[in-house]
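**Student:**
Residue numbers (our numbering), protein chains in the order written: chain A, 46 to 235; chain B, 19 to 594.
Quick look at the structure:
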């Protein structure tokens with residue numbers, strides 16, 4: 046099979062590392078060759094962060110470049126647009142519609158582009174919008190946004206739901222398993 | 019058993035399996051996790067040293083005593099550790115020794131883009147460069163064999179895309195290496211001129227033998243292609259990008275031993291293809307080697323000297339079409355990293371900016387004080403440079419400069435290499451004002467303990483350096499502690515110490531609010547009836563505060579109730 050590419054993008058501190066860890070673990074269990082590429086350090090502090098997950102028979106490059114991503118999972122609205130150029134023709138964006146103002150918007154030096162998702166849709170891009178923050182809060186913790194989004198992504202994957210749940214049970218701290226299972230369900234079923 | 023591992027975790031596993039006993043490092047992105055993961059194995063003694071020079075010397079001592087040892091650092095850390103490295107090349111090792119250096123092309127988290135391969139060439143030590151997590155583990159084990167066989171420290175070069183990329187690694191058992199009786203060997207280990215003169219020929223002979231080793235070692239391998247029109251020589255990440263684009267169609271010489279480079283292997287490979295391309299990130303080091311051998315090749319005329327590559331870089335260079343892509347029409351505002359809501363550095367930087375004080379900065383989270391809207395810093399060079407730089411700055415600017423210039427350095431950075439600068443201030447007398455921002459942790463690299471925190475790498479209690487007493491002992495009489503959440507206290511201290519006719523140290527002390535033991539207070543709220551939209555609170559650059567419909571709004575999910583903004587509000591609109 047051709048190598049598949051997932052990008053997980055968001056704002057440092059939103060929990061994208063757990064999402065990529067979950068996906069990497071699950072895909073490895075499924076027998077794929079997998080590479081998960083993260084950036085640690087400076088960009089964690091409220092900066093724009095991107096994680097690449099690549100899987101297939103044999104994966105070489107650790108990164109995804111323009112026009113290659115099958116999926117972009119975005120934890121924040123404009124972060125989806127920031128990396129939209131990485132999306133493959135026919136690829137899908139799964140986006141949490143939460144708005145987190147970057148510093149130039151906070152200081153008034155720039156405007157938050159409210160309509161970026163509409164612009165992308167107008168260009169024929171498949172955009173699946175989800176209020177992951179509300180769903181995570183419903184599940185019991187605002188921090189479960191990452192797992193709500195994984196639940197949503199799971200809909201587009203040919204992997205049984207039970208296997209995703211088993212991966213959550215394996216990777217999440219025992220005291221948070223129930224909240225995260227609920228978060229996954231909400232993302233999956235909404 | 020297979021396990022998904024970061025390159026750094028796999029490197030640590032390699033240390034464990036190779037029977038390593040001592041690992042000493044200073045944190046630095048992207049090398050930090052090597053030592054963090056190594057510390058999870060009780061069979062290895064691991065520590066955070068105050069700096070990379072100390073770490074390298076600790077690893078040397080462990081090797082001298084007969085054990086396998088390691089140290090890890092980021093590329094700029096090797097500048098600090100260069101002194102022991104260059105002479106370690108002469109002494110060689112007793113137990114095998116590996117030095118990890120992690121380069122950061124594209125500067126994801128660094129102040130420069132230096133290519134560490136120059137150090138291996140200059141110090142005349144072998145360097146291995148893995149291309150994924152599997153090789154990271156295997157190469158570490160091979161590095162110890164080389165180290166002991168050739169009597170040399172070995173550098174393992176990582177980079178961001180290897181260090182922070184996970185792939186599946188097969189776990190193997192640890193091989194215990196017994197530590198022999200200690201035997202004194204002054205001719206080998208006392209590098210005074212009479213002995214060093216005899217060791218230098220050994221180093222040159224060793225390099226010759228290593229070149230020979232590299233000709234046939236499986237570390238360097240040729241992968242055949244289906245066409246001999248072009249052949250590519252590469253190493254590390256570039257190998258992955260090349261394979262991504264060309265698969266098995268193009269012959270590739272993949273180098274794992276990147277110093278010293280083979281000769282016959284390269285000549286033979288070049289002779290087997292019509293045209294040779296050398297693809298390497300940063301400097302054209304392999305290309306220069308081919309030039310020296312008289313082997314024609316294409317390298318930096320086609321590929322950048324700057325930044326990271328990816329598969330698109332390779333496609334662009336060879337004129338291969340890029341996949342179709344779309345972009346949004348609106349401009350997407352940049353999202354730079356910022357100081358967190360409740361960051362203890364913010365109050366201090368606000369005070370410096372408000373009083374228009376010149377501030378020489380240093381390396382750490384507090385470098386973010388240079389960004390909008392605070393713009394509170396004037397320079398950032400390298401670890402420790404703020405203090406010594408301030409001394410030099412004031413020696414030129416004199417009394418006028420001493421009254422309005424400070425430097426800002428973190429607790430960990432002060433221990434790393436700030437202390438010596440403070441000694442210079444005390445000894446050579448400038449009335450400089452040094453601010454140590456003590457957040458009780460090494461922050462930017464992801465919360466590592468350091469000699470001031472009272473805990474070691476395992477989180478066990480340890481001796482803590484008392485910064486006040488240390489500064490006194492260095493010869494600074496005026497040392498005072500302020501709480502950066504208290505703006506008045508900050509401002510008074512800065513004004514008084516700048517005015518003082520002697521050097522002084524202000525310790526701005528409050529733990530990083532991301533530390534687990536720091537409990538946030540309830541979020542503050544803006545009373546919209548009282549808020550007049552003056553934007554005074556916006557001057558702090560707090561990510562939790564924004565303006566919506568001409569009134570300030572506090573994001574309750576981010577606010578930790580530090581109340582620094584409350585002190586700026588003239589209409590008392592910020593409430594608990």
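All residues carry an ideal CB built from backbone N, CA and C; glycine is no exception.
#1: Any chance you could list the alpha helix (DSSP H) runs of at least 4 consecutive residues sitting entirely within the region 255–338 of chain B, in chain order?
#2: Using 8 Å as the limit for Cβ to Cβ distance, is residue 22/B near chain A?
#3: Per DSSP, residue 78/A is paired with what?
#4: Looking only at C-alpha atoms, which of 168/B, 160/B and 487/B sits nearest to residue 106/B?
#5: Report yes or no: do the region 136–147 of chain A and the region 286–298 of chain B share at least 3 C-beta pairs separated by less than 8 Å?
#6: Spatial neighbours of residue 22/B within its chain, please: CB distance less than 6 Å, with the 5 preceding and 5 following residues excluded, ordered by chain position.
#7: Measuring CB atoms only, is the region 184–199 of chain A touching the region 222–232 of chain A, in the sense that at least three cross pairs come out at less than 8 Å?
#8: Assuming residue 56/A contacts residue 121/A under a Cβ cut-off of 8 Å, what Cβ separation, rounded to an integer in Å, is found between them?
#9: Under 8 Å, Cβ to Cβ, is there at least one residue of chain A near residue 386/B?
#10: Please list the terminal residues of the continuous alpha helix (DSSP H) segment that includes residue 213/A.
#11: Helix, strand or coil: which one does DSSP assign to residue 124/B?
#12: Excluding the five sequence neighbours on either side, which residues of its own chain have a C-beta within less than 6 Å of the C-beta of residue 30/B, listed in chain order?
#13: With DSSP as the reference, label residue 60/B as helix, strand or coil.
#14: For residue 520/B, does the count of other Cβ atoms within 10 angstroms reach 16, so buried, or fall short, so exposed?
#15: Look at the Cβ atom of residue 424/B, then the Cβ atom of residue 451/B, and state whether they are nearer than 8 Å.
#16: Sort out for me which residues DSSP pairs residue 466/B with in a bridge.
#17: Let me see if you follow: with CB-CB separation under 8 Å, is residue 349/B close to chain A or not?
#18: Using a C-beta cutoff of 8 Å, does residue 258/B count as contacting chain A?
#19: Can you round the beta-carbon distance between residue 429/B and residue 396/B to whole angstroms, since I take them to be within the 8 Å contact cut?
#20: Taking 8 Å as the threshold (beta carbon to beta carbon), is residue 352/B in contact with chain A?
#21: Can you give me the Cβ contacts of residue 302/B inside the same chain, cut-off strictly under 6 Å, excluding the 5 residues immediately before and after it?
#22: Judging by CA-CA distance, which residue of 92/A, 109/A, 91/A and 220/A is the nearest neighbour of residue 133/A?
#23: Please list, in chain order, the residues of the region 470–501 of chain B that have any C-beta partner in chain A closer than 8 Å.
#24: Below 8 Å, can you find three or more Cβ-Cβ pairs linking the region 111–118 of chain A to the region 151–158 of chain B?
#25: Which residue from 175/B, 503/B, 286/B and 517/B puts its Cα closest to that of residue 234/B?
#26: Could you check whether the Cβ of residue 309/B sits closer than 8 Å to any Cβ belonging to chain A?
#27: Apart from the five residues just before and just after residue 516/B, which ones in its own chain have a Cβ nearer than 6 Å to its Cβ?
#28: Give the DSSP-derived three-state secondary structure of residue 175/B in the structure shown.
#29: What are the residues in the region 174–206 of chain A lying within 8 Å of chain B by C-beta distance?
#30: Taking C-beta pairs closer than 9 Å, name the residues in chain B that residue 70/A reaches, listed in chain order.
#31: Measuring alpha carbon to alpha carbon, tell me which of 226/B, 179/B, 231/B and 141/B ends up nearest residue 164/B.
#32: In chain A, which residues lie with their C-beta within 8 Å of the C-beta of residue 179/B?
#33: Which chain A residues sit within Cβ distance under 7 Å of residue 391/B?
#34: Run the CB neighbour count on residue 403/B, radius 10 Å, all protein chains shown included, and call it buried at 16 or more, exposed below.
#35: So, is residue 34/B buried or exposed, given that buried needs 16 or more other C-beta atoms within 10 angstroms?
#36: Could you pull out every residue in the same chain whose Cβ sits closer than 6 Å to the Cβ of residue 326/B, ignoring the five residues on either side in sequence?
**Tutor:** Taking the definition as stated:
#1: The qualifying runs are 282–289, 303–311 and 329–335.
#2: Taking the second chain and counting its residues from 1, the one referred to as residue 22/B is at position 4. For residue 22/B, the answer is yes, since a Cβ of chain A falls inside 8 Å of its Cβ.
#3: In the first chain, the residue the question calls residue 78/A occupies position 33. 101/A.
#4: As a working mapping, residue 106/B is identified with position 88 in the second chain. Ranking the options by Cα distance to residue 106/B, first place goes to 168/B.
#5: Taking 8 Å as the limit for Cβ pairs, the verdict is that the region 286–298 of chain B does not touch the region 136–147 of chain A.
#6: Counted from its first residue, the second chain places residue 22/B at position 4. 184 and 186, listed in sequence order.
#7: yes
#8: Counted from its first residue, the first chain places residue 56/A at position 11. Counted from its first residue, the first chain places residue 121/A at position 76. Contact between residue 56/A and residue 121/A holds: CB atoms are separated by about 5 Å, below the 8 Å threshold.
#9: Position 368 of the second chain holds residue 386/B. It does; some Cβ of chain A falls within 8 Å.
#10: Here residue 213/A corresponds to residue number 168 of the first chain, with the count starting at 1. Looking at the DSSP string, the run of the alpha helix (DSSP H) that includes residue 213/A is 206–216.
#11: Counted from its first residue, the second chain places residue 124/B at position 106. Coil.
#12: Your numbering for residue 30/B matches position 12 in the second chain. For residue 30/B, where only same-chain residues beyond five positions count, the Cβ hits under 6 Å are 52, 55 and 56.
#13: For the purposes of this step, residue 60/B is identified with residue 42 of the second chain, where counting begins at 1. Looking at residue 60/B - three-state DSSP - the assignment turns out to be coil, as it is neither helix nor strand.
#14: Here residue 520/B refers to the residue found at position 502 of the second chain. By the 10 Å Cβ count, residue 520/B comes out exposed.
#15: Translated into positions along the second chain, residue 424/B becomes position 406. Translated into positions along the second chain, residue 451/B becomes position 433. Contact flag set, yes.
#16: Here residue 466/B refers to the residue found at position 448 of the second chain. DSSP lists 460/B as partners of residue 466/B.
#17: As a first step, residue 349/B must be located in the second chain, where it is residue number 331. Residue 349/B counts as touching chain A.
#18: Your numbering for residue 258/B matches position 240 in the second chain. With 8 Å as the cut-off, residue 258/B counts as an interface residue toward chain A.
#19: Residue numbering aside, residue 429/B sits at position 411 when the second chain is read from its first letter. Residue numbering aside, residue 396/B sits at position 378 when the second chain is read from its first letter. The Cβ separation is near 21 Å, so there is no contact.
#20: Walking along the second chain from the start, residue 352/B turns up at place 334. By this cut-off, residue 352/B is an interface position.
#21: The sequence position of residue 302/B within the second chain is 284, counting from 1. For residue 302/B, where only same-chain residues beyond five positions count, the Cβ hits under 6 Å are 317 and 318.
#22: Taking the first residue of the first chain as position 1, residue 133/A is located at position 88. Nearest to residue 133/A by alpha-carbon distance, out of 92/A, 109/A, 91/A and 220/A, is 109/A.
#23: Those residues of the region 470–501 of chain B that come within reach of chain A (Cβ to Cβ, closer than 8 Å) do not exist; the list is empty.
#24: no
#25: Residue numbering aside, residue 234/B sits at position 216 when the second chain is read from its first letter. It is 286/B whose Cα lies nearest to the Cα of residue 234/B.
#26: Along the second chain, read from residue 1 onward, the residue named residue 309/B stands at position 291. No - not a single Cβ of chain A is within 8 Å of the one on residue 309/B.
#27: Numbered from 1 along the second chain, position 498 holds the residue referred to as residue 516/B. Hits under 6 Å: 421 and 451.
#28: In the second chain, the residue the question calls residue 175/B occupies position 157. DSSP places residue 175/B in strand when its eight states are reduced to three.
#29: 187
#30: Counted from its first residue, the first chain places residue 70/A at position 25. By Cβ distance, chain B contributes 22.
#31: Along the second chain, read from residue 1 onward, the residue named residue 164/B stands at position 146. The residue from 226/B, 179/B, 231/B and 141/B with its alpha-carbon nearest to that of residue 164/B is 231/B.
#32: Within the second chain, residue 179/B is the residue found at index 161, counting from 1. Around residue 179/B, the beta-carbon contacts reaching into chain A at under 8 Å are 82, 107 and 108.
#33: What you label residue 391/B is simply residue 373 of the second chain in a count that begins at 1. The answer, in chain order, is 152.
#34: On the second chain, residue 403/B is found 385 positions in, with the first residue counted as 1. Residue 403/B comes out buried.
#35: As a first step, residue 34/B is located in the second chain; it is residue number 16 there, counting from the start. It counts as buried.
#36: If you number the second chain from 1, residue 326/B lands on position 308. 123 and 124, listed in sequence order.
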